[in-house]
Structure formats: C-alpha cells, structure tokens
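Note sheet for the following structure.
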Amino acid sequence: MAGAQPGVHALQLRRVSVTESLRTGDKFIKWDDDCTTVTPVMLRVDPRGYFLYWTDQNKETDLLDLSLIKDMRNGRFAKTPKEAKLRELLDVGTLEGKLENRTLTVVSGVDMVSITCLNFTAFSEEVAKVTTAVTLAGKESGSINYLYTRLTLQLTAEGGIPVKNIFRLFSADRRRVENALEVCGLPAGRNDTIPQDTFTSDVYRQLLNNICPRNDIDTIFSEIGAKIRPYLTVEQMTDFLNNRQRDPRLNEILYPPLKAEQVQGLVEKYEPDTMLSKRGQISVEGFSRYLSGEENSIIPPEKLDQNEDMTLPLSHYFINSSHNTYLTAGQLAGNSSVEMYRQVLLSGCRCIELDCWKGRTADEEPIITHGFTMTSEISFKEVIEAIAESAFKTSLFPVILSFENHVDSPKQQAKMAEYCRSIFGEALLTDPLEKYPLEAGVPLPSPMDLMGKILIKNKKNSHKADGSTKKKLSEQTSNPCSDTSSLCEPSSPSAGEADAESDAEEENDESKKSMDEGTVNEAFATEEMSNLVNYVQPVKFNSFEACKKIDRSYEMSSFVETKALELLKESPVEFVEYNKMQLSRIYPKGTRVDSSNYMPQVFWNAGCQLVALNFQTIDLPMQLNLGIFEYNGKCGYRLKPEFMRRTDKQFDPFTQNTVDGIVAHTLSVKIISGQFLSDKKVGVYVEVEMFGLPVDTKRKAFKTKTSQGNAVNPVWDEDPVVFKRVVLPTLALLRIAVYEDNGKFIGHRIIPVCAIRPGYHYISLRNEKNQTLTLPSVFIYTEVKDYVPDTFADVIEALSNPILYVSLMEERANQLAALTQEEGAQETDREEVSESSYPVSEVKTDPNTAAENGLNHDSISPKSSVVSHQMSSSVCYRLLCKLGCLNVCVFVTEVDAQTVDELKQMKAYLREQKRQYKELKELMRKHNKKTNELINEHASRQKQLRRSLVEKLTGVAEECQSNQLKKLKDLCEKENKDLKKRMDKRRQEKFQELEEAQDKRLERLLEKHKDIRQQILDDKPKLQSELDQEYQDKFRRLPVEIQEFVQDSAACKGKLSPDSDFLPISTVTGKLKHVALSPAEDVEERSSEKVFDTPL
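To get this note's numbering, take the position in the sequence shown, counting from 1, and add 25.
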C-alpha cells in the first residue's frame, strides 16, 4: 500500500521463459486413476508461454492454461497410481528410475477449492525434473495474443484451424463473425478449415477489428492531430504522450518527459507499415496497438514487482492471513482438506491457522478439525508435511503458523513438537535471533531477517509454570469432562479459536460474546511446544495503555471482528499506535457459519497486520485481499504507509480532513467503450465506485446508460465521474464493474488509486473468482492530479493559464459595469431570499425510516382512550341497572302478599333506590378519575419507553452502518492488491519473452558469423592463387612498360651521351624478365633496389 522507497526497488520482473526442450517437448504417458488405460502423448509448452499442451497418437491436442496451474509436483509429493495393473503399465519397457520420480502431477483450478490433477509419467527421471521446473507464472489470458495462440494449437489432423473454433470463441453475434471472415478473405463455413500459414497474427488482428470496429479510437486519433492526414507524426505522438498519458504529479527532473527519439522507438514497435514507421509516422492501426500494448498498461510494472523495503520490523507490514485454513466450505459441516494448506500458501498467504485436537485412535496421532462441529478430520502430520513442501514456493519470506492447540495430552503435544522439528528442519525458528532478543523495547525482526523461516504462534508458558504443565494436563485428562470438554465449557457452532482470542473479549453479554467469538479454551502448552514459540506469543489483551507500558513487541493479541470494531470505534488513534510495535490478528465472528468474510479494509485502516479471512470464499472481501497482496511481487507482505509506522506521527482512520504529510488526489474516470463484454446479445452497463477510508468510500458513485442489445462494442462516452478529494490514496481502491441489463454480473476490476496512470487505457475484467477474462475489457480515460481546495482553485488556474485568467477578469468587469448598483442589490436580495428558502425545502423527514427500524408512527391518544373508557362505563351502568331490577323482581316474586307496583310505591324502596343511585354515581366518578390517572401514567411511560427504544435503535443502526462501511473499504484494498500482483506476472512474462527473442537473435548472429569465417578460410587458397597469377602477369608486362617509358623519356631529352652510366635497355629488361620468371617466394625476398642497383 505504501510506495517504494528510493534505492530499494530492483527490477525482478522477467518475461516467461520457455526453454527449447519445453518447446520441442518430450514423450510422456498420460494416465488417470479412474481408468486402467494409458495414453502416450507428447507434452509441450507453446513458445509464448500461454499453454501446456499435449498431443496423442491420433494428432488430437488438449491444452491447459498456464495461468490456471497452481503447482507441478514430482517425487514423493506426486500422485502415483493406486491400482497394481496401472502401475504395471507405467513400469514396462525401457523406463528409467522410480515411478514416483518419473511422475509429474499438474495441479490446476479456477480457485483454491475446485482443484483438478493431471498425471503424466516420463520415460526418465531427468525429463520429469526438467518439465517440473517449467515456470508457473503463465501469461494472463487477457492478452490479445492469447486466443491466437489457442487457435493455432488446436489444429485438425491435416494441420488446419477449424472455423467452428472461431465461432465458439465469438458466439455473441454469428452473423458479424461470418462477415468479418469474408472481409478477411477466410472461409466462413462452420465445417471449413483455415490453413495455418494463412492465419497469421496480422490476419487475426484484422479479424478482431472487423468483429469489433473501434470508432471511438478513430475519433480520438482524429482529435489529437489526424484530422486531414491518416497518420500522426512523431512530434504529434510525443505531444500526446507527454500531455495526455503522462502523470502530472511526476517530477520532471527525476522522470523527464519522453523525447522524440524514444517515441520513434514506440512507433517502430507498434506501426505495422514499415514505410510509415521509417518516416516517423503512425497510423490508426499502430496507434490502436500502442493503446493495448504493455507500455500503456493502467498500472506501472514496478508496482507489481517486489519494490518495497523488507528490512523494517515485522509489525510494519500487512501480512496475508488465513482463517480456518483447512476448511473447504462452511464452518459447520464443511470438509477439511490438507490440499487447502498447499493452495493457500501457493497463493501467497503467509499466516495460516491450525486447529489442533487430540486424536482418538489407537496410535494417538493429533488431528486438525473444527471442534464440536460436523467437519471432517485430517492428520496433523500430513498438514505439516504439506506446509514444508509448499511454504516457500511462491515467497521466501517468513510463514506464521497460528496454532489453536486443544490437545490436552502431553504425549500428543510432544508428537506435535517433534513433527515440527523433524519435518521443518532448519526452516523452523526455535531460538530468537541475536540482534533481536526477547526483551522489552526491542522491535521485531524484519521479513528479510526471517527469510525462509517458519514461526510458531502457540501459548507459551512462563519458566516457572513449565514444571507444572504436565501435572495440569494430567489433571485435565483425569477429569471426566476432559475428553468431551465441550460439556464443561460453553461452545458455539464455530468453536475452535484460541483462548487468547476468546480472552480478548470483555463484553457484558456473555451469550453474545460466545456467539461472536465461537471459541473454546485452549489446552496448556507443554514444554516441548512452548519452546517452539518466540516472536509471536499470544497474550490476553487488557488495554492499550498496559501494552504501551510493558512494551513487548513479541507479544500479540487476537480479536474477533466485533471486538476489534468496538476498539476501533472507541480508541482509533490508540489502536493505530498499538499496531506500530505489536502484531494484532483479526478473525471472523463465530456466527459466520457460511464462511463469509468481513471487510478487511476497516482493519487495514487501523494498521492491523494479520487480518485473517476465509480463503475458500471468494467474495468481495476476499477479492480485495487478493488484489492488495498481488503487489510487491506477491510475497505476502505489504509495507504499511509511513504515518502508520512512525512513532512521532498519529493517524485517525475516521478523519474527514487531509492527513498531514500526505497529498490528497483528485481522480476523474470516463467510461468510453467496452469490448467483447458478453457472449450473449444483451444490453450492458458499467458501474464505478471507490473503497477506502470512510471519507473516501463512494459506493455506486456512477452508472452508465444501458447499451441496446450490444455487448460486443458498446460506446458510452458519457461525462466522467470525478472523485474530488481522495484523502488517503495509498489505501483507496477504484472498482469498475460491468453488468448485463438484468443485473447479472459480467466482470470487474479493482485498481489501487495510487497506482493509476492517467490517459487512455484498457481495463481487463475479471470474474467472481478473480480470474482474468479472455477478451472482455473496458476502455477508459483517467485524469489524476493533486487535490486543490476550492478556495485556491482560482489561484491555481490563474497560475497555470495567466492570459486566460486576465481576459476572464476583464470580461467580468465589463459585464458588471453594465449593471446599476440598485439592480445588483435587488438581485443580491433575491439570491439571499432563495438561498434562505432553499434549506427549508430540503429538510424533509422520511416516513419510511422509522418503519424500517421497526417503529410504528401511530401514537396513542389519551383523549380517545378516556372517551372509550367512559363509553364502556355507561354500558356497564346500564347493565347494572338491569341486573338490579332483575334481582328486585326475583325478590318480589317470592312475596305473594304484595305486587311489584305496591312494593315500588313503598318509602323504604324509594329511599334505598335513591341511596344506591347516589353511591353508584360516586363510584363511577371515582372510577373515571382513577381510570384517567392510569391512562395518563400509561401514556407517559409509553412515551419514555418509545424514546429510549428509538435512541437504542439509532445507536445500533449507526454502529452497523459504520461497520459495513469499514468492511467495504477493506474489501476494496484486497482486490486492489490482487490486481497489482496479476499485472506483475503479466509484465514478467513479457520481459522473459523479449529476453528469449534476444537470445535467439544472438544465436543466429553467432551462427552467421561462424559461416562467414569458414567461407573466408575456404576461399583463401583460391584467392591467393589468383593474386599470385595476377602478380606474375604484371611482372611480365613490367619490362615492356619500362622500355616504353625510357624511350619516351629519351625522345623528350634527346639522345643519351655515350658517357652516361645507364645500362642499356636490353640489360634492364633482361633482369626484369629473370625476376618475373623466378618463383614468388624468391621475389619477395629480393629488394627492388637490387633489381635497379645500376642506374639506367
């Protein structure tokens, strides 16, 4: 997440190297456990490094994408046939060496759970070892040459390319593919075949351009300078690269702009027309190839390479961590697998978890399982062997084994310690390093210091308690509840975490605590296991103040996600300070029985190092994790930002303002078009969102319009989405996702904001499992610059373009001069009135809010309750009257002497009736008064309860909302790392391919030079003889020429005097004839002075 420090980065990316032996291939026998037959094949790797493919005796070819290969195993870890008949078939003939040493097991899969194995047996051990060494960093399948290589490998028996394979690859619009084939002059029938020599890479590119025409690129090409001429000059291309594609934040001294000579190299590389490239011109086809080339990737290659300083303390890094590594599915009934440890380590994870339990078999072998659930069991020893095999295949930096030790048997704990010592060997760090003793104030060693080492995290007993450990364990064993300790301790569906993790919880509600943590207590550590623990000692967390006072960096604590969120909410700054010196491990709560993940971004924002996730679930949080740790060479360690490491700086993850010392960014993203987004004829749309700090997170910030039934080459070209202020770009992630018109997910890409390059770029999409899709991509335009507050925006604009600024000021002054002061005041009054009225119209209450939170808007009216009660009282009164009359009537019927009318006329009856009426009215008055008091009291209590419940619900809702925001941020950062790592791989493959091509050219030059030298040696005798012959001929002609010269000289000067010392001409010519007729060797020994020793 942090950038590389100057002087730290050393480029390690290499292109995929395919040796000559792998290209030519070797003979293997392919077999499968499910059948008893074997198939002889020729196993090869294509020169570009995309596929491992094999051809049988019938010339049928099968292939496997190298990017999907997880591991290649040979020797004791290779898979050997179980059936004796199959083993006999593989041991016949002239096969050399042991079967396991000749066997090659190719492990592949789209994720870490869905794993398949292909088995090949070589004819010799040496061939198997050479093939096992094939690089697994295959090129990404998103390369434009990927499909071309695939088509040229899957040939018919006659060596042609089936047209039906092309239709199968581009199935979205069959008619469009047929027209494109016809335009390219290729057969378009489904049963036709294309000759391999006809289907060149240029023809393939032409076919893609016809299937997916790019009018958007034509428009861009025209806008940047090709309006009249069908090409760009080197000067125009240089201006485009320096103004549109260059990062304006770069220092021009350290990173100078491109020069015309450098751009000319790009033109020569990408322009297919050599005449144009020699003239320094590039066509729209060459321009399109540059946009999709490696120099124009959205992420710079150094971000993918291992470029971070690895010499700082261990607590200064984010460490790729796994939770319940052994599970392949849910937490309750999922299967446990030894293979998961291999796959997780091969993916770059550096901290894995082992839930160790007491074995119940007769051999008393410890096991690994999820305690008190229906998950299966696996052998502890097999897991240790798998870790020893795969720990350092992907990364050499240290691996942390997080032991959750529930083994209450001293004997079995001794076995565990012995397995670790014997199987890991020197890789196991048993004693602290001399430079970093286990003392207060001493920081943790660096990943570089611990390279190739395995660290154990397990309970460590103090020296005083070591002697009583076995006694405590024996007491546990003798306890009737020891074998089923769950009967003595509370458990939950997700039991199995460490006691140190459960001790970190100090919540009031114990039942909620148990559900969140899903923990049971660990067993006491024996001396053998305790001696293996050094730099990762789990302890109970008390408070940040206590940890700071003790200052022991080798002690660490684990927190369930709910407890960690509570600490982060209450003490965010203290949590960041704690993580500067000590390690903290975060793990999912126990209620996540479906193995879902929380958002790790929340805890990365606080500097937590070991943010453990369920690797078997490739959801958005896991995609973020894979994305984050894809960078820095996929080594499993990411350096934290500087303000999370320095003790003199503090950081609040919930800050709303810019961080001191960190420049905020402004990011603009424009979605231009899409290519081959779906194999169906449907509409598609794109969403853009950002994850990071709470202030930076923008979910579903932008959504394009839906294309009308076009998923091959939709063009949007809408207004860009602008993220005005990204406070912490080193922790922010940009997510671009594509969906069908019905909301079905197509693909996405997560990119770290700090690594985004400005300009026009392609975004290769990935599926839900974070695998690169072959062709689907999105073409975008990005602008990245330093954030400038609105207060200073005019100043910056004026400084960048002063002429335009002065002109604008003059224009505004002229406009203001045309207005009167009174009209201006009236206009100001109107604006003030409109502004004052605006907030009032905006303040609205949402009637659905309370209903969503479980509240009812219907309030109880005390007045209506009183009225209803009064009505019920009057009814009761009438009933009482009737009952009273009935009783009187019954009483009267018993007296035969008097009638009813007579009794009613009696004074006693009238007096009693009057008294009763009076008492009844008094009772009703008292009753109504009491009823009203009760109603009022009930109403007041109800209001108080409602108010308290609303406050509680509001608090819970705010807490849930903050937790969800933090989780989303964590997810974004993980996916960002994964994207960076994949881009690193792709760059390495391309570099290796260039090196391979250079080696080939050097070999050809050496061979040509050798042939020329040999030809010179062969022609030397012939040339020598020709020279000798020419020499003799010239010597024979020399006397004649001299005689003619002398005669001419004599004719000019007159006759010679008789007293002259010159020899006669006949004498001189005679000597010359003698020299000419003598052998060449004698002539060479003589001197010309001897021939002419006498003057003429």
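Backbone N, C-alpha and C fix where the C-beta goes; we use that ideal spot for every residue, glycine too.
- Taking the Cα positions, ASN126 is about 7 Å away from ALA153.
- A distance of 8 Å or more separates the beta carbons of GLU333 and GLN626.
- Apart from sequence neighbours up to five positions away, the residues of its chain that approach TYR812 with a beta-carbon distance below 8 Å are THR683, VAL688, ALA689, HIS690, THR691, LYS749, ARG750, VAL751, ordered along the chain.
- By the neighbour-count criterion, in which 16 or more other beta carbons inside 10 Å mark a residue as buried, ILE253 falls on the exposed side.
- If only uninterrupted beta strand (DSSP E) runs of at least 3 residues are considered, those enclosed by the stretch 211–272 are 218–220.
- For PHE748, the uninterrupted beta strand (DSSP E) segment begins and ends at 746–751.
- The alpha carbon of GLY134 has as its nearest neighbour, out of GLU286, ARG367, GLY184, the alpha carbon of ARG367.
- Bounds of the alpha helix (DSSP H) holding HIS1034 are 932–1078.
- Around the beta carbon of PRO1046, a 10 Å sphere encloses fewer than 16 other beta carbons of the protein chains shown; the residue is thus reported as exposed.
- In the three-state scheme derived from DSSP, where H, G and I count as helix and E and B as strand, LYS303 is classed as helix.
- Here ARG791 is not near LEU800, since their CB atoms are 8 Å or more apart.
- For the set VAL369, LEU257, GLY658, the Cα lying nearest the Cα of GLN1013 is the one of GLY658.
- Here DSSP, grouped into helix, strand and coil, assigns PHE600 to helix.
- With 16 or more neighbouring CB atoms inside 10 Å of its own CB, ARG1011 falls in the buried class.
- Only exposed fits LYS955, as fewer than 16 other CB atoms lie within 10 angstroms of its CB.
- Here GLU712 carries a strand assignment [DSSP, helix/strand/coil].
- In the pairwise beta carbon analysis, the stretch 702–721 is classified as touching the stretch 755–765: at least three pairs are separated by under 8 Å.
- With fewer than 16 other CB atoms across the displayed protein chains lying within 10 angstroms of its CB, THR61 is exposed.
- For GLY290, the enclosing alpha helix (DSSP H) covers residues 285–295.
- Counting only residues of its own chain and dropping the five nearest sequence neighbours on each side, SER308 has a CB closer than 7 Å to the CB of PRO255, TYR256, GLU296, ASP298, LEU301.
- Going by beta carbons, LEU649 and ASN1001 fall inside the 8 Å limit.
- Cβ neighbours of ARG215 within its own chain (closer than 8 Å, five residues either side excluded): VAL188, LYS189, PHE192.
- One alpha carbon belongs to GLU151, the other to LYS104, and they sit about 18 Å apart.
- Rounded to whole angstroms, VAL63 and PHE145 show a C-alpha spacing of 10 Å.
- Cβ-Cβ distances below 7 Å link ASP87 to TYR78, TRP79 in the same chain, with the five nearest sequence neighbours on each side left out; the list follows chain order.
- For GLU1018 and ILE775, the gap between their C-alpha atoms comes out near 27 Å.
- When Cβ pairs closer than 8 Å are counted between the two stretches, the stretch 989–996 is seen not to touch the stretch 41–50, the count staying below three.
- Taken through DSSP and simplified to helix, strand or coil, THR156 comes out as helix.
- According to the DSSP assignment, MET581 belongs to no alpha helix (DSSP H) but to the beta strand (DSSP E) extending over 580–585.
- Assignment of ASN792 by DSSP, reduced to helix, strand and coil, places it in the coil class.
- Here the C-alpha atom of MET137 lies approximately 8 Å from the C-alpha atom of PHE640.
- The C-beta distance from LYS695 to GLU712 rounds to 14 Å, too long to meet the 8 Å contact threshold.
- Within the model, the alpha-carbon separation for GLN796 versus LEU124 is close to 34 Å.
- With contacts defined by Cβ atoms closer than 8 Å, HIS431 and GLY396 form a contacting pair.
- Only buried fits ASP1003, as 16 or more other CB atoms lie within 10 angstroms of its CB.
- Counted as a single uninterrupted DSSP element, the beta strand (DSSP E) harbouring TRP79 occupies residues 76–81.
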